[in-house]
Amino acid sequence: MLRKAIVMDYHRIVEMVPSGKREKLSTKLIDLILKSKNADKMPSSLARALLHQWQRSPLTNEIGITTLLEAAVILESEKTIEALEEKLQLPDVAKAIRAVE
Amino acid sequence: MVRFGIEFVPSEPYWKTTFYAIQAEKRGFDYLWITDHFNNRNVYVTLTAVALHTEKINLGPGVTNPYLINPVVTAQAVASLNEIATGRVILGIGAGDKTTLKSTGLEMHKPLTAVKECVEIVRRMMSEKNVTFEGNVFKTNNAKFFFKPATEIPIYVGAQGPKMLALAGRIGDGVLINAGHPKDVDYAVNRVKKGIQQAGKRLTDVDIAAYTSFSVHEDMEKAAQAAVPVVAYVVAGSPDVVLQRHGVDEGKAEKISGALKAGKWGAAFGLVSSRMIEAFSVCGTPDMCIERIAELLKSGISQFVVGSPIGTNVRKSIDLISDRIIPHFEK
Numbered sequence: 001m002l003r004k005a006i007v008m009d010y011h012r013i014v015e016m017v018p019s020g021k022r023e024k025l026s027t028k029l030i031d032l033i034l035k036s037k038n039a040d041k042m043p044s045s046l047a048r049a050l051l052h053q054w055q056r057s058p059l060t061n062e063i064g065i066t067t068l069l070e071a072a073v074i075l076e077s078e079k080t081i082e083a084l085e086e087k088l089q090l091p092d093v094a095k096a097i098r099a100v101e
Numbered sequence: 001m002v003r004f005g006i007e008f009v010p011s012e013p014y015w016k017t018t019f020y021a022i023q024a025e026k027r028g029f030d031y032l033w034i035t036d037h038f039n040n041r042n043v044y045v046t047l048t049a050v051a052l053h054t055e056k057i058n059l060g061p062g063v064t065n066p067y068l069i070n071p072v073v074t075a076q077a078v079a080s081l082n083e084i085a086t087g088r089v090i091l092g093i094g095a096g097d098k099t100t101l102k103s104t105g106l107e108m109h110k111p112l113t114a115v116k117e118c119v120e121i122v123r124r125m126m127s128e129k130n131v132t133f134e135g136n137v138f139k140t141n142n143a144k145f146f147f148k149p150a151t152e153i154p155i156y157v158g159a160q161g162p163k164m165l166a167l168a169g170r171i172g173d174g175v176l177i178n179a180g181h182p183k184d185v186d187y188a189v190n191r192v193k194k195g196i197q198q199a200g201k202r203l204t205d206v207d208i209a210a211y212t213s214f215s216v217h218e219d220m221e222k223a224a225q226a227a228v229p230v231v232a233y234v235v236a237g238s239p240d241v242v243l244q245r246h247g248v249d250e251g252k253a254e255k256i257s258g259a260l261k262a263g264k265w266g267a268a269f270g271l272v273s274s275r276m277i278e279a280f281s282v283c284g285t286p287d288m289c290i291e292r293i294a295e296l297l298k299s300g301i302s303q304f305v306v307g308s309p310i311g312t313n314v315r316k317s318i319d320l321i322s323d324r325i326i327p328h329f330e331k
């Protein structure tokens, strides 16, 4: 139930991302996750969801980015917010994530 | 036409390896090899995860060994995996490495015989109801599965030394040659071809793969830097004859080996020279890698395996190989 609620929150946040920035955001989140030293913190259910979606899509759609965002916040919270604010110029999205945290 | 394989070491959580495996399948790789060392994640657990998330790519251990895992268990594992990825499973068998075996209290006893007998037992377990085998290293007594394996599984033999290379040609459906330099690969392919001829097979019956330490980056220096740790281990484990073939100082190789054993990584990696990188890896910009692969193809390989480290950033390197290297060989 809790994860479902979190997913709903993240889904609403992803809707705030302009479509022109989604691909760049997806790539940034993928790199944050893959380079993370906290890979062992990835919940197994989230890992399965991520792999399921990656097999079927390029992870640039809303569902894919929602999953990536959830994983990135768990593994690299500060770096994710920093990337949203500085590299992607999405301060409102970063603020919304802080509120979910 | 050469086909491309990729190797992953399951040293990180399964989801990362599986993520890269899915990417490799999407980006045009035909083969996926997962290394088998007891100190990493289990090879068959990793392969199961990959099998469940892929559709086309051929996949298997690259390579397992008959000492740590009994041949009947290897047969059971690949037959079971073949239920998930029917027709896509491949099996790499080699003698293993002495250091890893030693740490488990095992000796590399009669490696040629062990590999030969392992291949025979696995094949018979796949096709016969009861297997009784009296070998010099392995024995089975009426061993049987309580299930029917779905299809035959191609067996690749991992080889480096002259006798193992010839044996691989004789008994393998494929051969995994652990080298990336034209001098080594040329030598190895000739030995494999002798084995193929001895067995009365056609050269095209056996998939000959160069299983390389590979590193690609648009910046040559960065590619080389990423290759250093893997090259250090290759140099430390190479026999003198191979070091001499490439003009690598044996004393320096010994120093690298000593530093690695002592856990002095900085010292070991600092001793790796550009000559060593050139000899023991395929490394550089995409164009440089294309040139090297083209040279290796002249020896007669039919599969090129991109092995560790792949590059400084695995995801970007897979894309780079797919965008720049693979298309060159599809022309």
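Residue numbers (this note's numbering), protein chains in the order written: chain A, 1 to 101; chain B, 1 to 331.
All residues carry an ideal CB built from backbone N, CA and C; glycine is no exception.
Where residue i falls, given that 16 or more other Cβ within 10 Å makes a residue buried
i               : result
D97 of chain B  : exposed
H109 of chain B : exposed
R123 of chain B : buried
N142 of chain B : exposed
W54 of chain A  : buried
S265 of chain B : Note on identity: in this sequence residue 265 of chain B is Trp, with Ser being the wrong assignment. Looking at its Cβ environment, which holds fewer than 16 other Cβ atoms inside 10 Å, W265 of chain B is exposed.
V192 of chain B : buried
R170 of chain B : buried
P66 of chain B  : buried
K129 of chain B : exposed
E70 of chain A  : buried
D240 of chain B : exposed
K116 of chain B : buried
K331 of chain B : exposed
G105 of chain B : exposed
T151 of chain B : exposed
K16 of chain B  : buried
Q89 of chain A  : exposed
A79 of chain B  : buried
V119 of chain B : buried
E25 of chain B  : buried
K28 of chain A  : buried
Coarse secondary structure for residue i, derived from DSSP in three states
i               : result
P162 of chain B : helix
S213 of chain B : strand
L68 of chain B  : coil
V7 of chain A   : helix
I6 of chain B   : strand
P309 of chain B : strand
V78 of chain B  : helix
V17 of chain A  : coil
Presumed contact (8 Å Cβ cut-off) between residue i and residue j, rounded CB distance
i               : j               : result
L68 of chain A  : L75 of chain A  : Going by Cβ atoms, the distance from L68 of chain A to L75 of chain A rounds to 10 Å, so no, they are not a contact pair.
D31 of chain A  : P13 of chain B  : Not really, about 16 Å apart at Cβ, beyond 8 Å.
V9 of chain B   : T35 of chain B  : 5 Å
A232 of chain B : V272 of chain B : 5 Å
V175 of chain B : V206 of chain B : 6 Å
L112 of chain B : L167 of chain B : 6 Å
G60 of chain B  : G94 of chain B  : In fact, because the Cβ distance is near 12 Å, the residues do not count as touching under 8 Å.
A223 of chain B : G284 of chain B : 5 Å
R27 of chain B  : I318 of chain B : 6 Å
V185 of chain B : L81 of chain B  : Not confirmed; about 29 Å, so no contact.
I332 of chain B : T54 of chain B  : Outside the displayed range of chain B (1 to 331) lies residue 332 of chain B, so it cannot be described from this structure.
I121 of chain B : F138 of chain B : 6 Å
S26 of chain A  : G64 of chain A  : 7 Å
V73 of chain A  : T80 of chain A  : 5 Å
> Where are the beta strand (DSSP E) runs, 3 residues long or more, that stay fully inside the segment 91 to 155 of chain B, in chain order?
Replying inline: Taking only runs of at least 3 residues, the beta strand (DSSP E) segments lying wholly in the segment 91 to 155 of chain B are 91 to 93, 131 to 134, 139 to 143.
> Enumerated in chain order, which unbroken segments of the beta strand (DSSP E) with a length of 3 residues or greater are wholly contained in the segment 10 to 62 of chain B?
Replying inline: Counting only runs of 3 or more, we get 31 to 34, 58 to 61.
>> At 3 residues or longer, what runs of the beta strand (DSSP E) sit wholly inside the segment 165 to 212 of chain B?
In response: The segment 165 to 212 of chain B contains these whole beta strand (DSSP E) runs: 174 to 177.
> Counting Cβ pairs closer than 8 Å, one from the segment 17 to 33 of chain A and one from the segment 293 to 303 of chain B, do we hit at least three?
Replying inline: No, they do not touch.
>> Which runs of the alpha helix (DSSP H) at least 4 residues long sit entirely within the segment 232 to 319 of chain B? Give them in chain order.
In response: Every alpha helix (DSSP H) of 4 residues or more that sits fully in the segment 232 to 319 of chain B is shown, in chain order, as 240 to 245, 250 to 261, 265 to 270, 274 to 280, 286 to 299.
>> Three or more C-beta pairs under 8 Å: does that hold for the segment 269 to 289 of chain B against the segment 177 to 189 of chain B?
In response: Taking 8 Å as the limit for Cβ pairs, the verdict is that the segment 177 to 189 of chain B does touch the segment 269 to 289 of chain B.
> Between the segment 202 to 214 of chain B and the segment 223 to 238 of chain B, do at least 3 Cβ pairs fall closer than 8 Å?
Replying inline: Three or more beta-carbon pairs drawn from the segment 202 to 214 of chain B and the segment 223 to 238 of chain B are found closer than 8 Å, and the two stretches are therefore classed as touching.
>> Check whether the segment 246 to 256 of chain B and the segment 196 to 206 of chain B are in contact - that is, three or more C-beta pairs closer than 8 Å.
In response: Taking a cut-off of 8 Å on C-beta distances, the segment 246 to 256 of chain B does not touch the segment 196 to 206 of chain B, as fewer than three cross pairs fall below it.
> Is there contact between the segment 92 to 106 of chain B and the segment 48 to 65 of chain B, where contact requires at least three CB pairs shorter than 8 Å?
Replying inline: For the pair of segments examined, the segment 92 to 106 of chain B was found to touch the segment 48 to 65 of chain B: the number of CB pairs separated by less than 8 Å reaches three.
> In chain order, which alpha helix (DSSP H) runs of at least 4 residues are fully inside the segment 31 to 56 of chain A?
Replying inline: Entirely contained in the segment 31 to 56 of chain A, the alpha helix (DSSP H) runs reaching 4 residues are, in chain order, 44 to 56.
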